[in-house]
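Enquirer:
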Ligand SMILES: NC(=O)c1ccc[n+]([C@@H]2O[C@H](COP(=O)([O-])OP(=O)(O)OC[C@H]3O[C@@H](n4cnc5c(N)ncnc54)[C@H](O)[C@@H]3O)[C@@H](O)[C@H]2O)c1
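In this note's numbering, the protein residues as written are -3 to 309.
(1) Please specify which runs of the alpha helix (DSSP H), each continuous and at least 4 residues long, are wholly inside the region 170 to 204, giving them in chain order.
(2) What would DSSP say about residue 144, mapped onto helix, strand or coil?
(3) Of the residues 6, 30, 37, 1, which one's Cα is nearest the Cα of residue 62?
(4) For residue 203, which option in 136, 183, 273, 267 has the closest C-alpha, if you only look at C-alpha atoms?
(5) Report the residue from 109, 118, 120 whose alpha carbon sits nearest the alpha carbon of residue 139.
(6) My output table needs one value for residue 296: the three-state DSSP class, helix, strand or coil.
(7) Would the beta-carbon of residue 256 fall within 8 Å of that of residue 212?
(8) Check whether the Cβ of residue 364 sits closer than 7 Å to any heavy atom of ligand 1, and report yes or no.
(9) With burial defined as no fewer than 16 other Cβ atoms inside 10 Å of the residue's Cβ, what is the status of residue 37: buried or exposed?
(10) Among residues of its own chain, excluding the 5 on either side of residue 231, which ones have a beta-carbon nearer than 6 Å to its beta-carbon?
(11) Can you tell me the Cβ-Cβ gap for residue 200 and residue 242, rounded? I've got them flagged as a contact below 8 Å.
(12) My parser needs the beta strand (DSSP E) runs of 3 or more residues fully inside the region 248 to 301; what are they?
(13) Alpha carbon to alpha carbon, how far is residue 210 from residue 65? Give it in angstroms, no decimals.
(14) State the DSSP-derived secondary structure class of residue 20, mapped to helix, strand or coil.
(15) With a CB to CB cut of under 6 Å and the five nearest residues on each side skipped, what residues in its chain are close to residue 193?
(16) Leaving out the 5 sequence neighbours to the left and right, which residues in its chain are closer than 6 Å to residue 89 when beta-carbon positions are compared?
(17) Just to confirm my understanding: we take residue 294, look at its own chain, exclude 5 residues before and 5 after, and list those with CB closer than 6 Å. What are they?
(18) Looking only at DSSP bridge pairs, what is residue 220 linked to?
(19) According to DSSP, simplified to helix, strand and coil, what is residue 10?
(20) Return yes when at least one heavy atom of ligand 1 lies under 7 Å from the C-beta of residue 51, else no.
(21) Taking 8 Å as the CB-CB cut-off, is residue 158 touching chain C?
(22) Just to confirm, does residue 72 get its C-beta within under 7 Å of one of the non-hydrogen atoms of ligand 1?
(23) To which residues of the same chain is residue 261 closer than 6 Å at the C-beta, ignoring the five residues directly before and after it?
(24) Just to confirm, are residue 216 and residue 156 a CB contact at a threshold of 8 Å?
(25) Using 10 angstroms around the beta-carbon of residue 111, count the other beta-carbons present and answer buried if the total reaches 16, otherwise exposed.
(26) Given a cut-off of 8 Å, decide if residue 206 and residue 239 are closer than it, judged by their beta-carbon atoms.
(27) According to DSSP, simplified to helix, strand and coil, what is residue 237?
(28) From which residue to which residue does the alpha helix (DSSP H) around residue 81 run?
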């Protein structure tokens, strides 16, 4: 049996709620501690943790002899843009607390999710490479880029093993999205199933990089389990699966629900989307730790529409 004890922060969210299940399957129920600022009554291995509280983090690590951390707690792009000061506090102070505790407690590995939001108007938009200009214009992207810098700094100067991917927009049927610019690609399926129509907050031809959650969870765990000496990127790996527009998701849904319809009312998130890449080059992740997605748009649409149950809505 594993000797690892894993702490997941922000575990009640879209990624955490699925990642915790996958980690428990691999490492054992008792060896994965979920934590979040919000209570979770249904999980017996759960700790309330506001990640800006470094002392509480220290106590939880010490009490449970934590050996690895998956640090998911953050404010997402839409929510961050509405409250930049709070976003900076949670995304930066939270990460800093994790990094300091990592050094203090000799934590063997940390996962920190970055985002395609680190790219900006002067990054190449198509097949955005691993290494290129990063000039984010959203407060969320600024915080993630700073986080990547902190990860690189700790890895180089403090001998830590912090691993990271730049997730694209993530789509899942189990939990609703948490305030990001790619949320439309989750909501559209729920609305298709319930009401057969959807009003989209992005324009019809807005292409963004996206990924189905099973690919994201598998990629995350694969990266964390990869041999350290194969990993050449010290900050954050580009990760990609597919790229599509709202119009294309609509067409994909109509193959299964022919009378589904969509209309468009772009809001402030259009400007955020316009500053992001349309597709991502993940060839370095593929070369270093064999990253390969399994879901394309139609395969994901089929799975989403099969699995969404209206009680979840
Ligand atoms: N979902 C995506 O499409 C996506 C894409 C790129 C990167 N990411 C990153 O992945 C991570 C998880 O994203 P998600 O989609 O699950 O987000 P989410 O919003 O669904 O979940 C985040 C969780 O963090 C918790 N949280 C908020 N403030 C906290 C605090 N002060 N202390 C502790 N917990 C706090 C929330 O209660 C929530 O459960 C984030 O770091 C996010 O930036 C997500």
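Here a beta-carbon is modelled for each residue, glycine too, at the ideal position from N, C-alpha and C.
Expert: Looking at the coordinates:
(1) 180 to 191
(2) By 1-based counting over the chain shown, the position of residue 144 is 148. Residue 144 falls in the helix class under three-state DSSP.
(3) For the purposes of this step, residue 62 is identified with residue 66 of the chain shown, where counting begins at 1. Nearest of 6, 30, 37, 1 to residue 62, Cα basis: 1.
(4) As a working note, residue 203 is residue 207 in the chain shown. For the residues 136, 183, 273, 267, the minimum Cα distance to residue 203 belongs to 273.
(5) Numbered from its first residue, the chain shown carries residue 139 at position 143. Selected option, being the one with the closest Cα: 109.
(6) On the chain shown, position 300 is the one that residue 296 refers to. Assigned with DSSP and collapsed to three states, residue 296 falls in helix.
(7) Taking the first residue of the chain shown as 1, we reach residue 256 at position 260. Taking the first residue of the chain shown as 1, we reach residue 212 at position 216. Result no, Cβ atoms of residue 256 and residue 212 do not sit closer than 8 Å.
(8) An answer regarding residue 364 cannot be provided, because it is not within the stretch -3 to 309 covered by the chain.
(9) On the chain shown, position 41 is the one that residue 37 refers to. Residue 37 is exposed by the Cβ-count criterion.
(10) The residue labelled residue 231 in the question sits at position 235 within the chain shown. Here the set comprises 144, 147, 148.
(11) Taking the first residue of the chain shown as position 1, residue 200 is located at position 204. Taking the first residue of the chain shown as position 1, residue 242 is located at position 246. With a Cβ gap of about 5 Å, residue 200 and residue 242 count as contacting.
(12) Listed in chain order, they are 257 to 260.
(13) As a first step, residue 65 must be located in the chain shown, where it is residue number 69. As a first step, residue 210 must be located in the chain shown, where it is residue number 214. One alpha carbon belongs to residue 65, the other to residue 210, and they sit about 20 Å apart.
(14) On the chain shown, position 24 is the one that residue 20 refers to. DSSP places residue 20 in helix when its eight states are reduced to three.
(15) Position 197 of the chain shown, counting from 1, holds the residue named residue 193. Result list for residue 193: 257, in chain order.
(16) Taking the chain shown and counting its residues from 1, the one referred to as residue 89 is at position 93. Within the same chain, residue 89 has close Cβ partners 48.
(17) For the purposes of this step, residue 294 is identified with residue 298 of the chain shown, where counting begins at 1. Once the five neighbours on either side are set aside, the close Cβ partners of residue 294 are 248.
(18) Position 224 of the chain shown holds residue 220. Bridge partners of residue 220: none, in fact.
(19) If you number the chain shown from 1, residue 10 lands on position 14. It is coil, neither helix nor strand.
(20) Sequence index remark: in the chain shown, residue 51 carries index 55 (1-based). No - ligand 1 has no heavy atom lying nearer than 7 Å to the Cβ of residue 51.
(21) Protein chain content of the structure displayed is limited to a single chain, and chain C is not contained in it.
(22) Counted from its first residue, the chain shown places residue 72 at position 76. For ligand 1, at least one heavy atom lies less than 7 Å from the Cβ of residue 72.
(23) Residue mapping note: residue 261 aligns to position 265 of the chain shown, counting from 1. Answer for residue 261: 195, listed in chain order.
(24) Your numbering for residue 216 matches position 220 in the chain shown. Your numbering for residue 156 matches position 160 in the chain shown. Going by C-beta atoms, residue 216 is not nearer than 8 Å to residue 156.
(25) Translated into positions along the chain shown, residue 111 becomes position 115. So residue 111 counts as buried.
(26) For this step, residue 239 is matched to residue 243 along the chain shown. For this step, residue 206 is matched to residue 210 along the chain shown. It is a contact, given that the beta carbons lie within the stated cut-off.
(27) Numbered from its first residue, the chain shown carries residue 237 at position 241. Correct three-state label for residue 237: coil.
(28) Counting from 1 along the chain shown, the entry for residue 81 is found at position 85. From DSSP, the alpha helix (DSSP H) with residue 81 extends over 80 to 84.
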